[in-house]
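Worksheet: one structure, shown below.
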Amino acid sequence: MLSPLRASLNTLRPRISTYSTTISRTSHIAAMGQRLFSQFQQPETPDYKVEPIPRDLIPSLGQSKQQILWLGCSDSGYEETTTLNNLLEDEMIVVRNWGNMALSTDLAWASAVQHAVEMLGVKHIIVCGHYGCGIVKTDSATNSAYPWQKKISTLCSAHQHELECLADSERNKHLVELNVIKQMEGVRDLLDIVSPEKNRRITVHGFIYDRKGHRANRILLN
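Heads up, the final residue of the sequence shown is numbered 251 in the numbering used here, and it's a clean run with no missing numbers.
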C-alpha cells in the first residue's frame, strides 16, 4: 500500500520544488519592479544654487512701462518688491496668492499672465517665495483641506527623504526653495497654454526673500 504512495510523492516533489522556485522568482521580480517603479515615480532633487541678485539683473526702462510680472505670497510683505534696485513702481505688476503658486486652474493668475504677456508685453516673470513662510512649511502637509495645502503636501511627499535629512531649522527653508522651483515650472507650463509663441522670449526668475536681512536671493538651476 505504501510503495505506490511513496512513488507518487517522489514524483510530485520535483514539481512542488519547481513551483516554489517559480513563486519565489516571481515575487523577487515583482519586488524589483516595485522598487524600479518607486524610483521612477520619485522626482530627482533639483540641482540649483542660491545667490545674491545682481544689481543690474533687470535694468530700469526709465519710463512708466510694465516689464515685470511679480508673483508673490499673500503671507509676505510689500518690502520684497523693493529689492530690485532702480526700478520705477510702474514697471512692475504684482500678483499674490497663497504660497506664490502658479496654477493654471487659478483664473486670476492665468488672466494676469495672459494680460501681462499679450497686452503689456512684459519680458520678465518673477516667482518670489520667502523664508519663514506661514504657508509653505512641512506642517501644511498634515492638513490637506485646501487646494494649496494639497500642493504643499504633494511636494513634501515627493521630496520626503531629502527633507527628513535636514535639520529642523533648514527643512522649511529648503521646502520654500523647492516650491519656488516648482512654481517656475508652473509658469512655463502656463505660458505654453496662453502664449506659446512668446514663451521663449520671457525670462522666468526664482527669488527668495529673507525678511531678517531685508534681502532677496535668486535661485539658479544648474
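Using N, Cα and C, we set each Cβ at its ideal position, and we do this for glycine too.
- Residue state for N129 is assigned as coil, using DSSP reduced to three classes.
- Cβ-Cβ distances below 8 Å link C102 to R125, N126, W127, G128, N129, C157, G158, H159, C162, I164 and V165 in the same chain, with the five nearest sequence neighbours on each side left out; the list follows chain order.
- Under the three-state reduction of DSSP, Y107 is assigned to helix.
- By the beta-carbon neighbour count (other beta carbons within 10 angstroms, threshold 16), C194 is exposed.
- Taking the Cα positions, Y175 is about 10 Å away from I181.
- Under the criterion of beta carbons closer than 8 Å, V223 and V146 qualify as touching, at roughly 7 Å.
- Counted as a single uninterrupted DSSP element, the beta strand (DSSP E) harbouring D239 occupies residues T232 to D239.
- Remark: C-beta atoms of I82 and R247 approach each other more closely than 8 Å.
- Under the DSSP assignment, K179 falls in the alpha helix (DSSP H) whose first and last residues are P176 to A187.
- Leaving aside the five residues that flank D221 on each side, the residues in its chain whose CB is nearer than 8 Å to its CB run, in chain order, N228.
- When DSSP states are grouped into helix, strand and coil, I164 belongs to the coil group.
- Residue pairing by DSSP places W99 opposite V123 and I155 in a beta bridge.
- Membership of K78 in any alpha helix (DSSP H) is not indicated; the residue belongs instead to the beta strand (DSSP E) covering Y77 to P81.
- DSSP places L219 inside the alpha helix (DSSP H), whose first and last residues are D197 to V223.
- Residue L116 holds the alpha-carbon nearest to the alpha-carbon of G91 among K78, T112 and L116.
- Under DSSP, L250 forms a beta bridge with Y77.
- Here the C-alpha atom of S89 lies approximately 8 Å from the C-alpha atom of E120.
- Beta-bridge partners assigned by DSSP to R244: D239.
- Under the three-state reduction of DSSP output, S93 falls in the coil class, being neither helix nor strand.
- Around T74, the same chain offers H188 and E191 as residues with beta carbons nearer than 8 Å, after the five sequence neighbours per side are excluded.
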